[in-house]
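S.K.: A single structure is presented below for examination.
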Amino acid sequence: GELHKERQAREQSRVRHRTRTRELERLAEERTEPTQQLQEPRLPPPQALLQPQQDLEATPRATQLSEDIRSAHDAAGQLAKELKSTRDDVVQLVEAAALEMRSAAELVLQAELQDLERGRGVAGTGGDSEACLKPRRERRSA
Numbered sequence: 001g002e003l004h005k006e007r008q009a010r011e012q013s014r015v016r017h018r019t020r021t022r023e024l025e026r027l028a029e030e031r032t033e034p035t036q037q038l039q040e041p042r043l044p045p046p047q048a049l050l051q052p053q054q055d056l057e058a059t060p061r062a063t064q065l066s067e068d069i070r071s072a073h074d075a076a077g078q079l080a081k082e083l084k085s086t087r088d089d090v091v092q093l094v095e096a097a098a099l100e101m102r103s104a105a106e107l108v109l110q111a112e113l114q115d116l117e118r119g120r121g122v123a124g125t126g127g128d129s130e131a132c133l134k135p136r137r138e139r140r141s142a
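Heads up, the sequence shown is in the UniProt record's numbering, so the first residue is 1 and it goes up one at a time.
Encoded structure:
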């Protein structure tokens, strides 16, 4: 009964983890749609470059360059937001995995504790309740 419940709980946990992983992979694929690739996502604000000095004549070429810089800066800002969002998803996934590992470890400890209480000893010790205090290699020979 207990073993069946534990197996069922572990399986449900795996299914939830797989579902979440697929969901995050899908989100990551949506985010990696081709965008303008820039070397540096955090560019300084381009205001100084965008506003030509008053004593200089704003030529069409300068205006075009100014617009190109503004557009590149906007794209870099968007890319930085996407990177942060992806990083947040990775952090969530790692935290979820850590929780899953912790609950799995708790289930194992619970099972071993129940075995000790029933006098069976720790798994792999052949019922020798003192064996859990011995190094692993001595347990096997017991």
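Heads up, the beta-carbon is just placed ideally off N, CA and C, and yes, glycines get one too.
At the level of alpha carbons, what is the spacing between A75 and P60?
M.R.: Each residue's alpha carbon lies about 22 Å from the other.
S.K.: Can you tell me where the alpha helix (DSSP H) holding P118 begins and where it ends?
M.R.: A quick correction: the sequence has Arg, not Pro, at residue 118. Premise fails: R118 is in no alpha helix (DSSP H) and is neither H nor E.
S.K.: Using only alpha-carbon positions, find the residue among R10, R18 and L3 that is nearest to S93.
M.R.: The question names Ser, but residue 93 is Leu in the sequence shown. L93 has its Cα closest to that of R18, out of R10, R18 and L3.
S.K.: For R20, which option in R118, A72, G119 and V90 has the closest C-alpha, if you only look at C-alpha atoms?
M.R.: Among R118, A72, G119 and V90, the Cα nearest to that of R20 belongs to V90.
S.K.: Confirm, please, whether the CB-CB distance from E6 to A97 is below 8 Å.
M.R.: No.
S.K.: Helix, strand or coil, according to DSSP, for G77 in the structure here?
M.R.: Reduced to three states, the DSSP call for G77 is helix.
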